[in-house]
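The structure appears below as structure tokens.
2 protein chains.
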Amino acid sequence: MTRYDAATLRTTLSALFREAGAQQEVAETTARILVEGDLLGHHTHGVKLADGYLKDLAAGNASGDPGVLEIHENTPVAALFDGHYLLGPYLVQRALDHCREAAATFGLGMVSLKRSHHIACLAAYLQPLVEANLVPLILSSDPAVASVAPFGGLDRVYTPNPLAAGIPGREQPLLIDVSMSTITNGTVGKTHAAGGRLAHPAILSGHGKVSDDPADYFAEPGGSILPLGELAFGHKGFALGLMVEALTSALAGFGRKDGPTTWGASVLVMVIDPARFGGTDAFLDETDHLARRCREARPRDAEHPVRLPGQSGLARRRDYLADGIPLPEDVVAAMRQAVARSSLAGTTAFG
Amino acid sequence: MTRYDAATLRTTLSALFREAGAQQEVAETTARILVEGDLLGHHTHGVKLADGYLKDLAAGNASGDPGVLEIHENTPVAALFDGHYLLGPYLVQRALDHCREAAATFGLGMVSLKRSHHIACLAAYLQPLVEANLVPLILSSDPAVASVAPFGGLDRVYTPNPLAAGIPGREQPLLIDVSMSTITNGTVGKTHAAGGRLAHPAILSGHGKVSDDPADYFAEPGGSILPLGELAFGHKGFALGLMVEALTSALAGFGRKDGPTTWGASVLVMVIDPARFGGTDAFLDETDHLARRCREARPRDAEHPVRLPGQSGLARRRDYLADGIPLPEDVVAAMRQAVARSSLAGTTAFG
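As you go down the protein sequences, you meet chains X and B in turn. Take the working numbering: the last position of the first sequence gets the number 353, and nothing is skipped along the way. Take the working numbering: the last position of the second sequence gets the number 353, and nothing is skipped along the way.
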């Protein structure tokens, strides 16, 4: 498998976004976050997304102009961002920067972001903050999409609604990025496109049968993605999914009630500084202790010791930065399409 | 089944806590929150706990003196409470009051609470805040207890780590209170004591077998409670459990590294005011819309329409306030024991 250099990927992507009309800072931030997704191994939420972002820029469904962002700084720690569908990675980064500044004075900061375009891989934003011993939190829902049914129901109402958190640690930070559903929309679509079966039954068919066949999702009547906890404990995943909906779309005041059709996101961004609570050293002592206890637990399968959230991703990242990123074929194909439609055609690793 | 009047229960409990040395405000708040747990139907986390609280007050493992609480108001929105093992319901209520005041000015407030005694039912705190159109969040772990194993491991390292959130709504607020494990310590203990089987396999035996027999938890080598998501998706419940550990014990700077042995809790309390983000009306419009979409979803089982988090609890509460609380036999027994050891013996509904 060909490996691609991260810096070159960033440059190529940034040039593509620039050519599609995005201003420098928007193009660079979006390119950086997409490549960061692949560096951590999240190829469904990395540079593969660029083709869709570029199409939406061309169609006017996404903006690359930072001037459209409206910031309502309602209090020194509470802001509402109206993103007017600026590219999501730029908006989330701006929201994190805003929260970080508030946290420096107040110990925490919160931004509610409405009308963002798609925000890519949530884990991709965390590392710079955890390395500064801060705790970033990002929650997201997409009010233009419905793929998960309420527990006990058959109709799709809401989205997988991921929640990400960065937990500083001396030996290894925890990079947490999990959806409140069993699997993501991306996994359903990708597995269906490949004609495969899911690793676990995570679909509820439109007739109420649990299934590992993504075709049941796309059938008539349509299926849905099971909430985390599945049939036995899915009331918990459902409750957590509703919490994320409320803390994103409801808090921002823009959501499903408004019937948006543009690929986008409602986002809650927060940064907490442990120095203003129990102290940074005590925080790190505790997370190091907890991580050690987890890693030292007897494994259920001797060949698979306990892994901490982010451990594989950070190991991959070190490897990929040194030796290049082994992009899957579907990602390479998406990049080829994007390059082919641009003036860069013939000058890049993707044609 | 005998029904017990909520107000009488509160008075009896409050008198018991007073007699055990708790000051008036501590006794009344603790009594109120315990009864609120039973009103919502959470009988494992309601007045049943009083007997244990009273024993810990008598043994000096819990305090009833509000004077021991140390408040470090590090910024106007970020405070550290050192609870010195004051009864948990009093401390959490104080933390919520503190956050609510901060939120009135700043849109949000956060308290990290260390060395609390046990904090009972998290859902029991939410209603007064959601009725004021505020969003309360409560996260908790108990660093003196380990019952959940890290995903892929066999040794118990952390606790079920519940997360509660109150979501205002005009027709019905959402009262969310879920642990990041499949089931709680209370359910394991209660089912084991009754010699029964769990409703779903939620135990991982010390040999790595999934089981519905709580005896496998108490065997040698000991079992553990499976994280939410079980074997297929348990990496998500594990990640969320670690997030709650970090936001409670690590943020407070006191946790497993300190080896506490007292029944207690590390707690994160937060209050958000939607008025300082996208606006209260828009928040309520969105949550009402979402709730309606969920309730109107075709049910998987025609006899069991979709229920929203808190819906059953609030219906029970109305019923129980009108007609009394049908306390389960084990709860009545716990109350009888507590009353028998007090000067109230012979003067209450419990002897």
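We put the CB at the ideal spot given by N, CA and C, even for glycine. Since we're looking at a predicted model, the values are computed, not measured.
Chain B places a beta carbon closer than 8 Å to that of X:Ile169, counting this residue as a contact.
B:Val70 counts as exposed, since fewer than 16 other C-beta atoms from the protein chains shown sit within 10 angstroms of its C-beta. Chain X has no Cβ within less than 8 Å of the Cβ of B:Ser314. For X:Thr77, the uninterrupted beta strand (DSSP E) segment begins and ends at Glu72 to Thr77. At a cut-off of 8 Å between beta carbons, B:Gly224 makes no contact with chain X.
In this structure, DSSP gives B:Arg34 a helical state, which the three-state scheme calls helix. For X:Gly210, the nearest beta carbon of chain B is closer than 8 Å to its own beta carbon.
Between B:Arg158 and the set B:Pro164, B:Val150 and B:Leu165, the nearest pair of CA atoms involves B:Val150.
The beta carbons of X:Val37 and X:Leu51 sit no closer together than 8 Å. Distance from the CA of X:Leu228 to the CA of X:Leu165, rounded to the nearest whole angstrom, comes to 17 Å. Counting along the chain, the unbroken alpha helix (DSSP H) around B:Lys57 starts and ends at Ala52 to Ala61. When B:Ala24, B:Glu21 and B:Tyr127 are compared, the shortest CA-CA separation from B:Gly312 is found for B:Tyr127.
For the pair X:Tyr322 and B:His100, the Cα-to-Cα distance works out to about 47 Å. At a Cβ-Cβ threshold of 8 Å, B:Pro276 and X:Leu56 do not count as neighbours.
For B:Ala221 against B:Gly210, the beta-carbon gap comes to about 13 Å, at or over 8 Å, which does not count as contact. B:Leu176 belongs to the set of residues whose beta carbon lies under 8 Å from a beta carbon in chain X. Boundaries of the beta strand (DSSP E) harbouring B:Phe83: Ala80 to Asp84, taken from the DSSP string. Under DSSP, X:Lys116 takes part in a beta bridge, and its partners are X:Asp84.
Taking C-beta atoms as the reference points, X:Leu82 and B:Gly280 count as a pair closer than 8 Å. B:His119 has a beta carbon lying at 8 Å or more from every beta carbon in chain X. Annotation: Cβ neighbours of X:His202 in chain B (cutoff 8 Å, chain order): Ala234 and Phe235. Along the stretch 237-249 of chain B, the positions whose C-beta sits under 9 Å from a C-beta of chain X are His237, Lys238, Gly239, Phe240, Ala241, Leu242, Leu244, Met245, Glu247, Ala248 and Leu249, read in chain order.
In the DSSP annotation of this structure, the continuous segment of the beta strand (DSSP E) that includes X:Asp179 starts and ends at Leu176 to Ser181. Counting C-beta pairs with one atom in each stretch, the stretch 111-131 of chain X and the stretch 37-48 of chain X have three or more that are closer than 8 Å, which means they touch. Taken through DSSP and simplified to helix, strand or coil, B:Pro229 comes out as strand. For X:Arg300, the closest C-alpha among the options B:Asp215, B:Asp84 and B:Gly155 is that of B:Gly155. In the same chain as X:Gly109, and ignoring 5 residues on each side of it, the C-beta atoms closer than 8 Å to its own belong to Ile274, Asp275, Ala277, Arg278 and Phe279, in chain order. Excluding five sequence positions before and after B:Pro175, the CB atoms of its chain that fall closer than 7 Å to its own CB belong to Val132, Gly168, Ile169 and Gly312, given in chain order. Here the stretch 229-242 of chain B makes no contact with the stretch 62-78 of chain B; the two share fewer than three CB pairs at distances below 8 Å.
When the five nearest sequence neighbours on each side are left out, the beta carbons in the same chain lying within less than 6 Å of the beta carbon of X:Asp40 are those of Gly48, Val49 and Ile327, in order along the chain. With a cutoff of 8 Å on beta-carbon distance, B:Gly353 and B:Ala335 are scored as not near each other. Proximity of B:Cys296 to chain X, defined by a Cβ-Cβ separation below 8 Å, is satisfied. Counted as a single uninterrupted DSSP element, the alpha helix (DSSP H) harbouring X:Leu131 occupies residues Gln129 to Val132.
Per DSSP, reduced to three states, the secondary structure at B:Met272 is strand. A residue is called buried when at least 16 other Cβ atoms come within 10 angstroms of its Cβ; B:His291 meets this threshold and is buried. In the DSSP assignment, X:Leu323 falls outside any beta strand (DSSP E) and within the unbroken alpha helix (DSSP H) covering Gln313 to Asp325.
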